[in-house]
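Presented below is the structure to which this report refers.
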Amino acid sequence: MVSMMRRKELAGFLRSRRESLAPEAVGLAGGSRRRTPGLRREEVAQLSGVSVTWYTWLEQARDITVSRQVLESLSRTLQLTPAERSHLFALADAPLPAEPARRMPVNPTLRALVDTLDPNPAHVINPSWDLLAYNRAYANLVGGLDDLPDEERNSIWLLFTRPGMRALLLDWQREARDILGQFRAAAGKNPDDPRTTALVDALLAASPAFASMWSAHPIKAFASATKHFNHPHVGRIDINYTKLAVTEDVTQHLVVFLPVTRDDAKSLERLTELDRPVPAQG
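Taking the UniProt record's numbering, I'd label the letters of the sequence shown as residues 1 to 282.
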């Protein structure tokens, strides 16, 4: 049940957007004979495919049920922006379905932040864990990223298809199981996403290890932790990592790795000072 306060907010929001939308914007005639600004209630109801009485009750903050289908129709009729549409669903206590994972552009400021974090490895991912941006430190830690096609520049794909990752991660089996559990928990929020489905199908065909772990349905909540690497150029590196949400695009996350000790920090500096990106291992 939607609380009275939320129903009042919903009613006020709908009324404000209805009154701010010119009739001409939806193909109706305007003119000075209109007694109210914007659209009439009956016009919004007709354009949205609902009854006038029902829509009136909605603007009166009555305790009625609002389906997602009706919310989508109202959103289209009132020509809401993506942010306004999300707000409408939130006020109606109807969470939006997860957006499909797409390679959306990374904000230039966020990209600059990723670069500034050198010599600490950092990258930006989407819900399918595609690498949308990364700095030189991360490229040299993992190796061989720049020349990969977009569909293979993906954390899960690299983990299970690149032989060198088994040597790079000191406890690959545990790391792979934990990371796959986090990935599956995230993928479960939008099981019909075409990018994630294509990635899983490709991994099932390419990696017996992935197929075996995936069939066990691992699920794990994300938690900051320490990863242990044995890099072919700089040796042992222990790194703490965490993941931060990107507020302006909820489909993106910033992943940052920080050294555990001063020796680890020096190793990361040596890694970043390599003349060129490290080639893929294995």
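Beta carbons: idealized from backbone N, C-alpha and C, even for Gly.
Since the structure is predicted, the reported quantities are computational estimates derived from the model, not experimental observations.
Residue j beta carbon less than 7 angstroms from that of residue i
i: S51; j: L74; result: no
i: F246; j: Q252; result: For the sequence presented, residue 246 should be read as Val rather than Phe. Yes, the pair counts as a contact, with Cβ atoms nearer than the cut-off.
i: R7; j: A61; result: yes
i: E9; j: P37; result: no
i: A185; j: I219; result: yes
i: residue 310; j: L141; result: With the chain covering 1 to 282 only, the question about residue 310 has no answer from this structure.
i: S212; j: T161; result: no
i: I237; j: D193; result: no
i: W129; j: F210; result: no
Residue of the options minimising C-alpha distance to residue i
i: L14; options: G144, R136, R85 and R34; result: R85
i: D249; options: T77, E273, V106 and Y138; result: V106
i: E175; options: K189, L159 and G188; result: L159
i: L96; options: K189, I64 and L58; result: K189
i: A11; options: A25, L71 and R34; result: L71
i: R262; options: V200, P119 and A187; result: P119
i: E42; options: R35, R34 and T53; result: T53
i: P108; options: D93, L132, T65 and F89; result: L132
i: K243; options: G235, V234 and V256; result: V256
i: A225; options: I179, R33 and A45; result: I179
i: E59; options: R35, R68 and L88; result: L88
i: R111; options: L268, L254, D130 and D147; result: L254
i: L117; options: S267, L258 and K266; result: L258
Residue i versus residue j - alpha carbon distance
i: residue 294; j: Y134; result: Limits of the chain in this structure are 1 at one end and 282 at the other, which puts residue 294 out of reach.
i: P127; j: R17; result: 32 angstroms
i: W157; j: P23; result: 51 angstroms
i: P82; j: P232; result: 46 angstroms
i: G143; j: I125; result: 17 angstroms
i: L169; j: S155; result: 13 angstroms
i: R166; j: S3; result: 52 angstroms
i: R195; j: A139; result: 23 angstroms
i: A92; j: I64; result: 10 angstroms
i: A221; j: R40; result: 48 angstroms
i: V44; j: T77; result: 7 angstroms
i: V114; j: L274; result: 18 angstroms
i: A90; j: A223; result: 27 angstroms
i: R68; j: L80; result: 15 angstroms
i: D147; j: L199; result: 19 angstroms
i: K227; j: R270; result: 18 angstroms
i: E151; j: Q173; result: 24 angstroms
i: Y55; j: V26; result: 18 angstroms
i: V66; j: H123; result: 40 angstroms
i: F229; j: T272; result: 15 angstroms
i: G181; j: M5; result: 39 angstroms
i: Y241; j: A94; result: 33 angstroms
i: G235; j: P149; result: 28 angstroms
i: A187; j: M104; result: 18 angstroms
For residue i: DSSP bridge partner residues
i: H231; result: G235
i: P259; result: I239
i: H253; result: I125 and A245
i: T109; result: In the DSSP output, where bridge partners are listed per residue, T109 has none listed.
i: A225; result: Y241
Proximity test, residue i beta-carbon vs the ligand HEM heavy atom, cut-off 6 angstroms
i: L88; result: Among the components modelled here there is no ligand, and therefore nothing to report on the ligand HEM.
- [ ] Jot down the residue ranges of each uninterrupted beta strand (DSSP E) in the stretch 126–172, minimum 3 residues, whole runs only, in chain order.
- [x] 131–134
Open item on the list: So within the UniProt domain "HTH cro/C1-type" (13–85), which uninterrupted alpha helix (DSSP H) runs reach at least 4 residues, ignoring any that extend past its ends?
Closed with: 41–48, 52–59 and 68–77
Open item on the list: List, from N- to C-terminal side, the beta strand (DSSP E) runs of 3 residues or more that fit wholly inside the stretch 178–223.
Closed with: none
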